[in-house]
Amino acid sequence: NIEFISTEFFTELGKPVIWRGAMLNSMIQHFFYDVMWSKDLDFMIIDAPPGTGDIMLDIKNHVPDAECIIVTTPHLAASHVAIKAGLAAKQLKHEIIGVIENMSYYINPVTNKPEYIFGSGGGEEVSEKLGTELIVKIPIAQPEFSLALYESEEEIGQIFDFIATLLITRYL
Numbered sequence: 001n002i003e004f005i006s007t008e009f010f011t012e013l014g015k016p017v018i019w020r021g022a023m024l025n026s027m028i029q030h031f032f033y034d035v036m037w038s039k040d041l042d043f044m045i046i047d048a049p050p051g052t053g054d055i056m057l058d059i060k061n062h063v064p065d066a067e068c069i070i071v072t073t074p075h076l077a078a079s080h081v082a083i084k085a086g087l088a089a090k091q092l093k094h095e096i097i098g099v100i101e102n103m104s105y106y107i108n109p110v111t112n113k114p115e116y117i118f119g120s121g122g123g124e125e126v127s128e129k130l131g132t133e134l135i136v137k138i139p140i141a142q143p144e145f146s147l148a149l150y151e152s153e154e155e156i157g158q159i160f161d162f163i164a165t166l167l168i169t170r171y172l
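Here the sequence shown is numbered in our numbering, starting from 1 and rising by one per residue.
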């Protein structure tokens with residue numbers, strides 16, 4: 001059973017969320033204590049931007065044994081931020097499950113070959129520096145049948161199925 005909550009549900013579309021300290025803590029507390037989670041909740045996924053120490057500290061207080069997947073892009077500047085986030089997670093004693101490299105490549109429809117428009121090597125660098133595995137590289141693509149969901153026959157749908165299976169077999 002997977003459920004989710006997001007700040008996107010409480011903000012105006014297209015408006016940035018500029019919160020710090022007490023406001024972030026209040027949001028995290030709201031998510032943990034005011035949301036009606038199912039009693040049989042298996043997974044809670046918290047999507048937090050890198051470098052947000054306030055959120056990491058609050059999560060540590062509410063879920064001391066939380067585990068992390070570090071998501072980066074192949075660009076080395078982005079990977080350096082992800083490394084810092086991973087090191088912060090380690091310092092807080094959160095286990096790092098692994099690294100996912102998002103937007104790794106684009107399949108050129110003319111040549112049918114990958115093009116690395118954001119560079120390469122970011123995921124490998126993050127996993128190496130954090131001493132964990134690079135779980136998968138996710139290409140850039142648009143879902144074929146929906147605005148947001150990938151079908152299981154699509155390459156990215158298969159990648160997401162792989163990630164879900166990895167997590168389910170790890171914990172259930």
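For every residue, glycine included, the Cβ atom is placed at its ideal position computed from N, Cα and C.
query	result
Distance between V99 and I70 (C-alpha atoms, nearest Å)	5 Å
7 Å CB neighbourhood of A78 in its chain, flanking five on each side removed	T72, G122
Distance CB(I97)-CB(H62) smaller than 8 Å	no
Nearest-angstrom Cβ-Cβ length linking A141 and I117, presumed shorter than 8 Å	That belief does not hold up - the Cβ atoms of A141 and I117 are roughly 13 Å apart, past 8 Å.
L76 versus L130: straight-line alpha-carbon distance, rounded	15 Å
Beta-carbon contacts of F31 that lie in its chain and below 6 Å, excluding the five residues immediately before and after	I5
Three-state class that DSSP yields for I156 in the structure shown	helix
Distance CB(M56)-CB(A89) smaller than 8 Å	yes
Residue of L87, I159, V35, W37 minimising C-alpha distance to E128	L87
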